[in-house]
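In case it helps, mature numbering (1 follows the signal peptide of the UniProt record, and there is no 0) puts the sequence shown at residues -29 to -1, 1 to 411.
Glycine included, every Cβ here is placed at the ideal spot set by N, Cα and C.
Since the structure is predicted, the reported quantities are computational estimates derived from the model, not experimental observations.
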Amino acid sequence: FRHRRYTSRNLLWLLAFLGSLALLIHAYAKCVGFYFQYPHSTQLEEETARNKTFPAVTLCNLNPARFSQLSGHDLYWAGEMLGLLDGAGQPLVPESPEKSRLEALLGTLAMSEEEKSRPFDLEEFYGRAGHQLDLGEMLVHCMFGDEDPHLVYTRYGKCYTFNGDRRNPRVTRQGGMGNGLEIMLDIQQEEYLPIWRETNETSFEAGIRVQIHSQDEPPYIHQLGFGVSPGFQTFVSCQEQRVRQDAPQPLGRCPWAPSPARPCSDAPLALPGAPGEGAGGGCSHADGCMPPDTAVEDSQERCSCPTPCNLTRYGKEISMVRIPNKGSARYLARKYNKNETYIRENFLVLDIFFEALNYEAIEQKKAYDIAGLLGDIGGQMGLFIGASILTILEILDYVYESPCETLGRHVEGTYNAGILPNHHHRHHYPHQGVFEDFAC
């Protein structure tokens, strides 16, 4: 009966141990799975500064090239790209003054084979035909010091960046309207290219596109810019946000680097696929000019783009009022030698400023690191099987020492049985009795 009771208890203990071990393994799996989800916590603080670096401001006219600046050479090479000519090199528009001018330019070009063979430089084209940010051209009035804007080229052609010098950026010591960039522009709608068919770059809007960004970042105005319409004064109140990433992979991988981007090479801009040897860099067919590393439109392979470790971005609150009012329209028309309708359809004012001299510090940290994982593992181990690291070490030590002790006892017992013939010899010692009585 005692033997059966003892076996039942062992069975119950075995079942309890196996059940606890199964729960422990399940808890371990959840802990490890949660760790590899890379959870993070976000801490938001608002801090005040005595002065702040004013951001870079990039602006582009939505019209890439002025119609009056097009030449026959431009039409020959870029007319189809601009949506002005068809594949045969003929104007797409029916009878109109624009068609007559294009035909005159093409006729002039047809009489000059030397003009056709001259290489076409896309950078030179946008630099010459793009809108010029000069007084008397697109720029009407500017309140931002004496610094000239930097010239950049984007998908909108020729663009301009104010305060883009990272070595000597403008510092502002006061927030509020009038303490930033205030600029009046003339978008020159009479110079906009006529739209006769849609292309990938066709824009039906009139105005400018603006991006506010850090001096450490290039402008991505096509994706991140906002539009400003003529006939309005647009107020942009900025709030600086400094984001610091200290989260684990894949949220953040932050090796030290001097700059996030490095120039690969200085290659001249050219139009691939056009006839001739000069413009396409020796390419005679359009399908042979696309480098393999740029053909990713329909490919499953994508370039690696890790999350930046330190990022400065600018939140924006945009409001606008209509300009000019009835009282100022006549004055502006006389001042700039324009009519009132032209002022309403082409003039705009952009005012960008800091809301206040403070900024939001946003920091992302690991919410579950290796120390937390080990702590949960130890807690689950103590809860389900009552063990710790020391307990595990003791068990391993016992498992290692037990075979050694058993082997040592076995060897010792064999040795004694050989040298002590208990059944053949009797040795008598005084006061101790027979040695046989003590032998096993």
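Range covered by the beta strand (DSSP E) that runs through K337: F318 to K337
4 or more residues per run - each alpha helix (DSSP H) lying fully within the segment 89 to 162: 93 to 100
Beta-carbon proximity list for G(-11), same chain, < 6 Å, skipping 5 on both sides: none
Range covered by the beta strand (DSSP E) that runs through A27: A27 to N32
Given Q194 as reference, the closest of R(-21), H184 and Q335 once Cα atoms are compared: H184
Per-residue burial, V3 [other beta carbons within 10 Å of its own, 16 or more giving buried]: exposed
Buried versus exposed, by CB contacts within 10 Å (16 or more), T205: buried
Candidates I179, L164, G146 and P189: closest to D136 by CA position: P189
C-alpha distance - T29 paired with Y124, whole-angstrom precision: 10 Å
N- and C-terminal bounds of the alpha helix (DSSP H) containing I183: From DSSP, I183 is part of no alpha helix (DSSP H) but of the beta strand (DSSP E) over I179 to H184.
For E17 and N281, believed in contact at Cβ under 8 Å, the rounded distance: Wrong, their Cβ atoms sit about 18 Å apart, outside the cutoff.
Helix, strand or coil at D340 according to DSSP, with G and I counted as helix: coil
Neighbour-count burial assignment, Q145, 16 or more Cβ in a 10 Å radius: exposed
Reference L104, options L122, Q212 and F96, closest by Cα: L122
Length of the line joining the Cα atoms of L344 and I(-5): 14 Å
Outcome for Y191 when other beta-carbon atoms lying within 10 angstroms are tallied against a minimum of 16: exposed
Buried or exposed (CB count within 10 angstroms, at least 16 for buried), Q182: buried
Per-residue DSSP class, three states only, for K309: coil
Distance CB(V111)-CB(Y307) smaller than 9 Å: yes
Neighbour-count burial assignment, L15, 16 or more Cβ in a 10 Å radius: exposed
Inter-residue Cα distance where the pair is G286 and A20: 17 Å
Burial state of M114 (16 or more Cβ within 10 Å): exposed
Cβ-based neighbour list, G196, same chain, cut-off 6 Å, excluding 5 preceding and 5 following: R180, V181 and Q182
Cα-Cα separation between T(-18) and A358, rounded to whole angstroms: What sits at residue -18 in the sequence shown is Leu, not Thr. When rounded, the distance between both Cα atoms is 19 Å.
Beta-carbon proximity list for A(-8), same chain, < 7 Å, skipping 5 on both sides: none
Within 9 Å, strictly: CB atoms of N32 and G107: no
For G4: DSSP bridge partner residues: None; G4 has no bridge partner.
Which residues DSSP lists as bridging R213, in chain order: T283 and A332
Boundaries of the alpha helix (DSSP H) in which G50 is found, first to last residue: Per DSSP, G50 belongs to no alpha helix (DSSP H) and is neither H nor E.
Neighbourhood of S373 by C-beta, 6 Å cutoff - its chain only, sequence neighbours within 5 removed: none
Local Cβ density within 10 Å of S208, reported as buried at 16 or more and exposed below that: buried
Whether L321 touches L164 by CB criterion (9 Å): no
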